[in-house]
Amino acid sequence: GTTTKGTGGVDSYSYFHRRLTEEIERAGRLNERMSLLLVGGDSTGRAPANEEFFGEVLSRVKGMMRGIDVVGRYGGSQVILYLPETAGEAAQKAAERIRGRVERMGEDNGTGTTVSIGLVTLPENGETVEQLMNALTSALFKAQQAGGNRASGPAEMYVL
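So the sequence shown is residues 2 to 161, counted in this note's numbering.
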């Protein structure tokens with residue numbers, strides 16, 4: 002059979018996309034809220050966004066997840082998370098926990114590595130995978146453009 006797992010034992014993006022599509026439909030039927038986080042390495046620090054960096058970030062993210070959360074790889078070295086039944090302040094807190102954990106990792110290993118995190122919530126920021134992904138990548142870009150080491154929604158900035 003075909004494996005759905007990629008580097009670090011996370012779901013490939015194509016599998017993640019299929020799961021996300023199903024979960025968005027389910028959340029819509031049940032009138033549930035959900036959030037997505039997109040974690041990307043900042044260009045600050047001495048650690049390049051490479052496989053080693055991706056693996057370190059991934060191991061920390063996976064250790065913080067609930068059983069219902071889903072993690073996947075997005076692009077070359079970004080981590081995408083689907084957080085069911087999570088919105089608003091709870092999603093912001095999850096993003097802050099991840100950001101803080103990576104910042105401490107960068108301090109501990111002397112690289113100064115930090116991440117920026119894009120954050121969107123269904124249905125406020127979109128109702129389809131495409132709408133949510135467009136808002137999510139825009140939110141990540143906004144966080145990075147604002148100096149990095151922060152989380153951002155598409156419309157408002159959360160300086161954590």
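The beta-carbon is built from N, C-alpha and C at its ideal position, and this holds for glycine as well.
The structure displayed is predicted, hence computed values, not measured ones.
Asked	Found
For residue 146 and residue 113, the rounded distance between their alpha carbons	18 angstroms
Residue 74 - containing alpha helix (DSSP H), residue span	Here residue 74 belongs to no alpha helix (DSSP H); instead the beta strand (DSSP E) covers 71-75.
Rounded straight-line distance, which links the Cα of residue 74 to that of residue 81	6 angstroms
DSSP-derived helix/strand/coil call for residue 147	coil
CB contact check: residue 97 to chain C, cutoff 8 angstroms	Annotation note: the requested chain C is absent from the structure, which comprises a single protein chain.
Residue 41: first and last residue of the uninterrupted beta strand (DSSP E) it sits in	35-42
Classification of residue 150 by the beta-carbon crowding that lies within 10 angstroms, buried from 16 upward	buried
Residue 105, buried or exposed, once every other Cβ within 10 Å from all chains shown has been counted against 16	exposed
Close beta carbons around residue 123, own chain, < 7 angstroms, minus the five adjacent residues each side	25, 28, 34, 35 and 133
Simplified DSSP state of residue 122, which is helix, strand or coil	strand
Span of the alpha helix (DSSP H) around residue 65	52-65
Counted within 10 angstroms of its Cβ, other Cβ atoms place residue 129 as buried (16 or more) or exposed	exposed
Proximity below 8 angstroms, CB of residue 61 to CB of residue 103	yes
Exposed unless 16 or more other CB atoms sit within 10 angstroms - verdict on residue 1	This structure does not reach residue 1, given that the chain is present from 2 up to 161, and the question cannot be answered.
Beta-carbon contacts of residue 55 that lie in its chain and below 6 angstroms, excluding the five residues immediately before and after	78
Helix, strand or coil at residue 152 [DSSP, three-state]	strand
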